[in-house]
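Asks: Under mature numbering (1 follows the signal peptide of the UniProt record, and there is no 0), residues -23 to -1, 1 to 358 are what the sequence shown spells out, in order.
Yeah, the Cβ is synthetic: ideal placement off N, Cα and C, and Gly gets one too.
Structure incoming, see below.
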Amino acid sequence: MMKPALKTSVSLLLLALGSGAMAQELVVKIGHVGPTSGAIAHLGKDNELGARMAVEELNAKGVTIGGKKAKFELLAEDDAGDPKQGTAAAQKLADAKVNGVVGHLNSGTSIPASKVYSDAGIPQISPSATNPKFTRNGYKTTFRVVADDVHLGGTLGKYAVTTLKGKSIAVIDDRTAYGQGVADEFEKGVKAAGGKVVGREFTSDKATDFTAILTSLKAKKPDVVFFGGMDAVAGPMLRQMKQLGIDAKFMGGDGICTGELPKLSAGTMADGQVVCAEAGGVEGESKKSLDEFKTKFKAKYKVDVQIYAPYVYDAVNVMVAAMVKAGSAEPAKYLPVLAKTEGYKGVTGTIAFDNKGDIKNGALTLFTYKGGAREQIAVVR
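This is the structure:
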């Protein structure tokens, strides 16, 4: 039988060894914010799953930061796509002293939240906010892994005139930072390509009845209608265009370019009627990585990728790669390394940031829909 004094010594030794092992484990908290409730919850949940997949894989790999084994924890918040709720969620994550944040999904929530993260010195990478203002406030903590609306809207505007041969183009936006921003850039792109905008109308991101604005536009006989907003509004708008007999091409940015759009439009879309662009895009060898990611995602979560999950996945991994390189998960120490990211090979392509935190040489992918399924037209830069 062990003597009491010896038993105490062994217990203390085991305790010391245990606490030493614990001291070698570094807990890294990654925040994620997206609209996991409300009309675009399907997009917010898609984003959150992308973050979960990255965190689970990193934990399974056993990543070491500054000689310590890192244990990653995901702190997920819902902003419901609402700017006020977005800043509240940001403050909550700042108070929890997260090491970094991936989000938010919408420009309207990402822009006000970026000040909260900047004040707290916490790096923020949005996987999907495309309004140019997001990276124009001079915050050193703000990054995005997708091309902005100047590129996206302008490219779609030119495409409407030069490829779709639109003669009379109507523009509608939902008055959000994203919707209005992308519609403004589309209009500029149309005019720069020598096209004519015959009407500009607006609705809201909560609206369901568009009869008045569509009737007003119908009188102008548009051959292309552009909508700046999300799929939850675009679907019913397409249904009502059909009811009113507006036989026009329908265009939009990444907000409408989802797998859900055919369902939301209740099967009223004609083949090739909708042309939309997603910020991001891969070709050649990179396409293989993205396809593999989508297969793995479907097998794990039993749902298809909507749009941004791969960008969230890459954003988490880019952030962690900077921590590993810096040998620290402390925001002040890894932030300068993150800002200098060059040539990171992600599933969405190669990631490098410019001095504003924008992705360099961002790609766009143009899509249409045939037989209720999304079909790629081309990748443009």
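Which residue wins for smallest C-alpha separation from residue 138, given the options 260, 279, 23, 203?
Replies: Minimum Cα distance to residue 138 is reached at 203.
Asks: Given that a residue counts as buried once 16 or more other Cβ atoms are within 10 Å of its Cβ, and exposed if not, what is residue 108?
Replies: Residue 108 comes out buried.
Asks: Let me check understanding here. Comparing Cα to Cα, which of 18, 200, 49 lies closest to residue 2?
Replies: Nearest C-alpha to residue 2: 49.
Asks: Please name the residue in 165, 298, 65 whose C-alpha comes closest to that of residue 147.
Replies: Residue 147 has its Cα closest to that of 165, out of 165, 298, 65.
Asks: So within the stretch 147 to 218, which uninterrupted beta strand (DSSP E) runs reach at least 3 residues, ignoring any that extend past its ends?
Replies: Qualifying beta strand (DSSP E) stretches, in chain order: 174 to 179, 201 to 205.
Asks: Sort 82, 54, 161 by Cα distance to residue 69 and report the nearest one.
Replies: Selected option, being the one with the closest Cα: 54.
Asks: Quick one: measure Cβ to Cβ for residue 129 and residue 256, integer angstroms, because I've assumed they're closer than 8 Å.
Replies: Between residue 256 and residue 129 the Cβ distance is about 6 Å, and since that is below 8 Å, they are a contact.
Asks: Cβ of residue 337 within 7 Å of Cβ of residue 112?
Replies: Not closer than 7 Å, so no.
Asks: Excluding the five sequence neighbours on either side, which residues of its own chain have a C-beta within less than 6 Å of the C-beta of residue 6, listed in chain order?
Replies: Around residue 6: 50, 52, 75, 76.
Asks: What do you get for residue 224, buried or exposed, if any count of 16 or more other CB atoms within 10 angstroms of its CB means buried?
Replies: Exposed, by the Cβ-count rule.
Asks: May I ask whether a heavy atom of the ligand PLP can be found less than 6 Å away from the beta carbon of residue 287?
Replies: No copy of the ligand PLP appears in this structure; indeed no ligand is present at all.
Asks: Please report the straight-line C-alpha distance between residue 193 and residue 133, rounded to a whole angstrom.
Replies: If I take the Cα positions, the gap works out to 23 Å.
Asks: At what residues does the alpha helix (DSSP H) containing residue 277 begin and finish?
Replies: Where residue 277 is concerned, the enclosing alpha helix (DSSP H) stretches over 261 to 278.
Asks: Residue 66 and residue 56 - do their beta-carbons sit closer together than 7 Å?
Replies: Closer than 7 Å, so yes.
Asks: Rounded to a whole number of angstroms, what is the C-alpha to C-alpha distance between residue 205 and residue 357?
Replies: C-alpha separation (whole angstroms): 20 Å.
Asks: Let's test the definition: count the other Cβ atoms within 10 Å of the Cβ of residue 104 and tell me whether it reaches 16, buried, or not, exposed.
Replies: Counting Cβ neighbours within 10 Å, residue 104 comes out buried, since at least 16 surround it.
Asks: Taking a contact to mean a Cβ-Cβ separation below 7 Å, would you say residue 342 touches residue 258 in this structure?
Replies: Contact flag set, yes.
Asks: Within the same chain, show all residues whose beta-carbon is closer than 8 Å to that of residue -2, passing over the 5 residues directly before and after it, in chain order.
Replies: For residue -2, the predicted model reports a pLDDT of 45, less than 50, meaning its position is unreliable and no value from the coordinates is stated.
Asks: Strictly by DSSP, which residues pair up with residue 101?
Replies: 78, 119, per the DSSP bridge assignment.
Asks: Where does residue 64 land, buried or exposed, given buried means 16+ other C-beta within 10 angstroms?
Replies: Buried, by the Cβ-count rule.
Asks: If we ignore side chains and look at the alpha-carbon of each, how far apart do residue 150 and residue 44 end up?
Replies: When rounded, the distance between both Cα atoms is 51 Å.
Asks: Just to confirm the assignment, what range does the beta strand (DSSP E) spanning residue 324 have?
Replies: Where residue 324 is concerned, there is no enclosing beta strand (DSSP E), given that its DSSP letter is neither H nor E.
Asks: Would you say residue 299 and residue 280 are within 7 Å of each other, going by their C-beta atoms?
Replies: Not in contact: residue 299 and residue 280 (Cβ atoms no closer than 7 Å).
Asks: Does the beta-carbon of residue 181 have 16 or more other beta-carbons within 10 angstroms, so that it is buried, or is it exposed?
Replies: Exposed is the call here.
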